[in-house]
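Data first, discussion second: the structure below is written as structure tokens.
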Amino acid sequence: MAASTHTHVSHDTHSTTSGGAWSTQRIATTALLCALAFVLTFVEVSIFPPAPWLQYDPSAIVAFVAALIYGPSTGVLVVVLPWVLKTLFSFNPWGHLMAILAGVALVVPATLVARRVGGTRGLVLGMVVGSVVAVAACVVGNIFVTPLYTDTTVEVVIQSIVPILLPFNLLKVVITSVATALIHKPVSALVNR
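According to the UniProt record's numbering, the sequence shown holds residues 1 to 193 in order.
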């Protein structure tokens with residue numbers, strides 16, 4: 001009898017064929033996760049009252065779960081593809097670029113650390129590392145990107161780091177990480193049935 005083609009979740013070859021190509025199940029699941037993330041890009045919520053123009057969308061939760069199940073490359077795909085598709089419906093290239101930056105900066109380091117360390121400890125440590133990287137990337141990204149599409153100067157963006165950018169982005173990564181921690185095991189179990 002042939003060995004199972006499914007490997008432990010901590011490997012990037014999860015649900016692949018023995019040659020490393022993506023299995024039909026992995027392709028279908030990734031497509032479904034991309035579609036769900038795409039829909040969630042339209043669910044924008046103001047989560048930080050001092051800056052109601054900054055919106056949170058839960059699409060990164062789906063990408064984070066995808067990365068924990070299939071690896072960082074799938075997580076990146078589930079971050080990037082929905083935002084590229086959203087450009088067809090809502091042309092906001094700078095906002096979409098920042099959303100991609102935030103998602104990739106959270107998902108990739110978090111998943112790499114979680115897989116390297118393993119277990120609950122690895123997941124928590126990965127989420128902390130990913131959150132720090134994502135917040136730093138968002139702050140730096142805002143310094144350079146915001147002045148490109150608004151009348152805001154770099155100096156004004158820098159002055160907004162402590163009162164606005166840091167708390168908003170911290171809140172965003174905490175919501176995403178907690179939601180991911182709560183749902184990734186049930187989703188993984190469902191995918192691996």
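The beta-carbon is built from N, C-alpha and C at its ideal position, and this holds for glycine as well.
Report yes or no: is there a C-beta of chain C within less than 8 Å of the C-beta of residue i?
i      : result
Ala-28 : Protein chains in the displayed structure number just one, and chain C is not present.
When you compare each of the options to residue i by their alpha carbons, which one comes out closest?
i       : options                           : result
Val-154 : Leu-190, Gly-118, Asn-142, Phe-64 : Asn-142
Lys-86  : Val-39, Pro-109, Gly-126          : Val-39
Cys-138 : Ala-60, Ala-105, Thr-111, Gln-159 : Ala-105
Thr-41  : Ala-21, Pro-72, Leu-88            : Leu-88
Thr-146 : Phe-48, Trp-53, Thr-24, Ser-23    : Trp-53
Can you grab the Cα-Cα spacing for the pair residue i / residue j, in whole Å?
i           : j       : result
Pro-167     : Thr-30  : 32 Å
Val-9       : Trp-94  : Because Val-9 sits at a pLDDT of 43, beneath the cut-off of 50, its placement in the model cannot be relied upon, and the point is left open.
Lys-185     : Val-84  : 28 Å
Pro-109     : Val-133 : 8 Å
Leu-32      : Pro-72  : 17 Å
Val-173     : Ala-21  : 32 Å
residue 194 : Arg-116 : No statement about residue 194 is possible, as the shown extent of the chain runs from 1 to 193 and does not include it.
If we count the other Cβ atoms within 10 Å of its Cβ and call it buried at 16 or more, is residue i buried or exposed?
i       : result
Gly-119 : exposed
Leu-77  : buried
Thr-111 : buried
Arg-121 : exposed
With DSSP collapsed to three states, give me the class of residue i.
i      : result
Val-45 : strand
Trp-83 : helix
Thr-7  : At Thr-7 the pLDDT is 31, less than 50, meaning the model places this residue with poor confidence; the figure from the coordinates comes in the next sentence. Coil at Thr-7, not helix or strand.
Thr-13 : Below a pLDDT of 50, predicted positions are generally treated as unreliable, and Thr-13, at 42, falls in that range; the measurement from the model is reported next regardless. Coil.
Trp-53 : coil
For residue i and residue j, which I take to be in contact (beta-carbon distance under 8 Å), what is that distance rounded to the nearest angstrom?
i       : j      : result
Val-107 : Ala-63 : 5 Å
Ala-179 : Ile-61 : 5 Å
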